[in-house]
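Asker:
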Amino acid sequence: MSRRILTLAQVLLALVVVTACDGGGADKPAKADFDAAGTLRRASAAMATVKSVGLTMESEGKPPISVRGGDMKLLRNGDAQGTLTMEQSGMDVEMKVVASGSSVYLDAGTGGWQKVPRALAALKYDPSAVLDPERGIAKLLGSLQAPKPEAVEKVAGAEAYRVAAKLPKDRVAGLIPGVTTDVDGKVWVRKSDGRLVKVRGTFPGGKDTVLITFTEFDVPYKISAPR
151 MSRRILTLAQ VLLALVVVTA CDGGGADKPA KADFDAAGTL RRASAAMATV KSVGLTMESE
211 GKPPISVRGG DMKLLRNGDA QGTLTMEQSG MDVEMKVVAS GSSVYLDAGT GGWQKVPRAL
271 AALKYDPSAV LDPERGIAKL LGSLQAPKPE AVEKVAGAEA YRVAAKLPKD RVAGLIPGVT
331 TDVDGKVWVR KSDGRLVKVR GTFPGGKDTV LITFTEFDVP YKISAPR
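Just so you know, we're using the numbering used here here: the sequence shown kicks off at 151 and counts up by one.
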């Protein structure tokens with residue numbers, strides 16, 4: 151069970167740190183004539199005030215994390231709720247997850263909910279770090295290296311700046327166990343309010359990627375222990 155909890159910790163970390171994205175879409179991207187570094191500073195400030203996020207995650211290839219996909223809702227205090235698809239022993243396993251208060255609840259469809267102390271996950275990661283302005287998304291946006299403007303394109307119908315950058319391994323390693331190299335990435339920052347709306351991380355070799363899309367902000371989610 152502790153292994154499952156540590157996997158959850160890695161997942162929530164991954165939701166924060168893996169950075170990059172390909173910007174598909176029917177609309178032709180506008181000319182990239184914006185200030186990439188300034189865009190990241192604005193995004194960092196905007197994400198520092200976020201109280202909750204809803205997000206989806208998907209992967210291609212075999213990135214060095216156990217999560218293959220998911221749909222999560224996360225509060226600033228670290229409470230979380232959603233469904234994750236994780237690779238275990240060569241198989242994809244779908245698991246319901248609820249982190250509430252001092253406990254984490256897991257349901258892999260094999261016997262109902264199982265409860266364990268959140269302290270087990272905290273040995274590897276504290277979920278409250280995700281939206282903490284000093285430890286989470288905001289801080290990471292400020293650590294991206296060599297940012298380059300790539301395009302202005304639409305994400306979920308709204309214009310966003312696409313920035314290519316590198317996330318240094320010393321920053322990633324403290325958040326995602328197992329990452330030992332810099333990660334190439336692209337991030338999308340919404341033009342209207344500076345919030346991060348999409349991110350894609352590409353691991354060395356170029357075949358293994360993780361895509362994260364932020365679907366909601368500041369929704370007053372009510373997360374409680376399952377009954």
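Backbone N, C-alpha and C define an ideal beta-carbon position, used for all residues, glycine too.
Can you look up G188 in the DSSP assignment and give me helix, strand or coil?
Answerer: Helix, per DSSP.
Asker: Nearest-angstrom Cα distance between V243 and S216?
Answerer: Spanning the two alpha carbons is a distance of roughly 10 Å.
Asker: What did DSSP end up calling I215 once you bin it into helix, strand or coil?
Answerer: In this structure, I215 counts as coil in the three-state DSSP scheme.
Asker: Compute the minimum distance between the beta carbon of S194 and the heavy atoms of the ligand PLP, and state whether it is under 7 Å.
Answerer: The model on display carries no ligand, and the ligand PLP is accordingly not part of it.
Asker: Between the alpha carbons of G335 and Y311, how many angstroms are there, rounded?
Answerer: Using only the alpha carbons, I get a separation of about 14 Å.
Asker: Leaving out five residues on either side along the sequence, give the residues of the same chain with a beta carbon under 7 Å from the beta carbon of A205.
Answerer: Rather than Ala, the amino acid found at residue 205 in this sequence is Leu. L165, M222, I362, T363, F364 and T365, listed in sequence order.
Asker: Which residue from A288, V254, E210 and P213 puts its Cα closest to that of D229?
Answerer: The residue with the shortest Cα to Cα distance from D229 is V254.
Asker: For Q238, count neighbouring C-beta atoms within 10 Å of its own C-beta (all shown protein chains included) and say buried if the count is 16 or more, exposed if not.
Answerer: Exposed, by the Cβ-count rule.
Asker: Quick one: complete beta strand (DSSP E) runs, 3+ long, within the region 292 to 320?
Answerer: The qualifying runs are 295 to 305 and 308 to 317.
Asker: Let's see if you can read the secondary structure: which residues bound the beta strand (DSSP E) around T260?
Answerer: Segment: none, T260 is in no beta strand (DSSP E) and carries neither H nor E.
Asker: Do we get a CB-CB distance below 8 Å when we pair V360 with the residues of chain B?
Answerer: This model lacks chain B altogether; it includes just one protein chain.
Asker: Would you tell me roughly how many angstroms separate the C-alpha atoms of R340 and G261, rounded to the nearest one?
Answerer: When rounded, the distance between both Cα atoms is 42 Å.
Asker: Report yes if the C-beta distance between A315 and V280 is below 8 Å; otherwise report no.
Answerer: Taking 8 Å as the Cβ cut-off, A315 and V280 do not qualify as a contacting pair.
Asker: Would you decide whether A306 is buried or exposed? Buried here means 16 or more other CB atoms lie within 10 Å of its CB.
Answerer: That one is exposed.
Asker: Please state the DSSP three-state secondary structure of A230.
Answerer: A230: strand per DSSP, three-state reduction.
Asker: Mapping DSSP to helix, strand and coil, what is L346?
Answerer: Residue state, collapsed to three classes: strand.
Asker: Tell me where the beta strand (DSSP E) around L361 begins and ends.
Answerer: Taken as a continuous stretch (DSSP letters only), the beta strand (DSSP E) holding L361 covers T359 to F367.
Asker: Using only the alpha-carbon positions, how far apart do E284 and F367 sit?
Answerer: Rounded to whole angstroms, E284 to F367 spans 19 Å at the Cα level.
Asker: Between which two residues does the beta strand (DSSP E) holding L281 run?
Answerer: Element bounds for L281: n/a, residue is neither H nor E.
Asker: When you compare the CB positions of A182 and E309, do they come within less than 8 Å of one another, or not?
Answerer: Cβ distance not < 8 Å, so A182 and E309 don't count as in contact.
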